[in-house]
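Undergrad: The numbering of the sequence shown is the numbering used here, which starts it at 717 and goes up by one. Just passing along the structure, written as structure tokens.
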Amino acid sequence: MGLLVGALSALVQGSRLCLLEPTGVSGPVLAKLLLLHEPKRLVLSSVHVMHLTKVGEAIACVDVVDCVGTSVPTLPRALRSLYTVSSKFQPFLRFRRIFCGPTTIYTASDPMPLPIAAPLVHSVGLPVSSSIVLRIQSMTTNEVLGPKQVGEMCVGADACQRLGVLAYVDAAQQLHLIGSKDGILKLGAEATTALEIEEVVASHPLVEDAVVTCSEGQRLAAYVKLAAATLTYSADALRSIHAYACKQIPTSKQFHRLVAVDSIPRDVMGHAYRALVLDDANALQYLDATQL
């Protein structure tokens, strides 16, 4: 990550604090670091934006939050909470999305005031340089897709490198990230993205993170990491989450199984390690929605 931080220094000017480790960040830790260093810019992974909503008045020193990584399920909820916190302690806070590889920054949005409009939540802006060529390619035909067509994000004009990210560009050529390439759920004649459903599940106040998968039988399963305070009544929490999701999600996209898990590990860019999430040893409790 040292090379990535070095690359960011060319893009991020002024007093800054970079927190790009996938683990070890929490609200209290972040609050202490902000009070100690008083950075004008805070660079952190999209995984940790939710922690920033818990720092209270410590956010007052920050002018711009640079969010690095892909779109994670908790991001829309985190941005709403961040707007509430910043309205009280730092009403001029601005938020920017950055997407990069291990050593190269690909895109960056303009710093935006809060609240972020819903169509821009997944936008990571435009390429930072004319030398960076980004394409959205069909995962079945390799055809280069046009605006608002969803495919896999690739970089490079000739030797195109696939990044394993689901994305599309809008009419203004801004890039929008909507999950990993294995996040397309085929439900009969209909298809949707896992992120779309994960965001609904993760908007429940008892959920810290969520991953949704689809089996060969077109049965959806939602894996959730519950808030620590709910562990003593996890069965009730799962029923509450299921009832909440059923009101938000169309019948054709509702999940058949809800699983409370010990952890949902993600890399620094925000991609979930799905095999670890789905491991039986990671499961804490099940709710079979078809039996409710």
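We treat Cβ as the ideally placed atom computed from N, Cα and C, and that holds for glycine. Note that the structure is predicted; figures quoted are calculated from it, not measured.
Excluding the 5 residues flanking residue 731 on each side, which residues of the same chain have their C-beta closer than 6 Å to its C-beta?
TA: Correct list, in chain order: 755 and 756.
Undergrad: Between which residues of its own chain and residue 838 is the CB-CB distance below 7 Å, once the five residues before and five after are set aside?
TA: Within the same chain, residue 838 has close Cβ partners 787, 892, 893 and 894.
Undergrad: Taking DSSP as the reference, what is the three-state secondary structure of residue 806?
TA: Residue state, collapsed to three classes: coil.
Undergrad: Anyone know if the C-beta pair for residue 783 and residue 771 falls short of 7 Å?
TA: No. Outside cutoff.
Undergrad: For residue 831 versus residue 915, is the C-beta distance shorter than 7 Å?
TA: Result no, Cβ atoms of residue 831 and residue 915 do not sit closer than 7 Å.
Undergrad: With burial defined as no fewer than 16 other Cβ atoms inside 10 Å of the residue's Cβ, what is the status of residue 789: buried or exposed?
TA: Looking at its Cβ environment, which holds 16 or more other Cβ atoms inside 10 Å, residue 789 is buried.
Undergrad: Looking only at C-alpha atoms, which of 798, 974 and 990 sits nearest to residue 775?
TA: Among 798, 974 and 990, the Cα nearest to that of residue 775 is on 798.
Undergrad: Can you tell me which of 936, 908 and 825 puts its alpha carbon nearest to the alpha carbon of residue 780?
TA: Comparing Cα-Cα distances from residue 780 to each of 936, 908 and 825, the minimum goes to 825.
Undergrad: Per DSSP, which residues does residue 892 bridge with? Please list them.
TA: Paired residue(s): 839 and 884.
Undergrad: Rounded to the nearest angstrom, what separates residue 958 and residue 874 at their Cα positions?
TA: Cα-Cα distance, rounded: 47 Å.
Undergrad: Would the region 915-925 count as touching the region 848-868 if we require 3 or more Cβ pairs under 8 Å?
TA: Cβ pair count under 8 Å is below three, so no.
Undergrad: If residue 855 sits next to residue 897, beta carbons under 8 Å apart, how far is it from one beta carbon to the other, in whole angstroms?
TA: Indeed, because the Cβ distance is near 6 Å, the residues count as touching under 8 Å.
Undergrad: Helix, strand or coil: how does DSSP classify residue 735 here?
TA: Here residue 735 sits in strand by DSSP.
Undergrad: Between the region 982-990 and the region 737-746, do at least 3 Cβ pairs fall closer than 8 Å?
TA: As far as the Cβ criterion goes, the region 982-990 touches the region 737-746, which means the pair count is three or higher.
Undergrad: Distance check for residue 976 and residue 751, CA to CA, integer angstroms please.
TA: When rounded, the distance between both Cα atoms is 35 Å.
Undergrad: Can you list, in chain order, the residues of its chain with a C-beta nearer than 8 Å to that of residue 889? Leave out the 5 residues immediately preceding and following it.
TA: Closer than 8 Å at Cβ, skipping near neighbours: 842 and 863.
Undergrad: Given a cut-off of 7 Å on the beta-carbon distance, is the pair residue 954 and residue 1003 in contact?
TA: In contact: residue 954 and residue 1003 (Cβ atoms closer than 7 Å).
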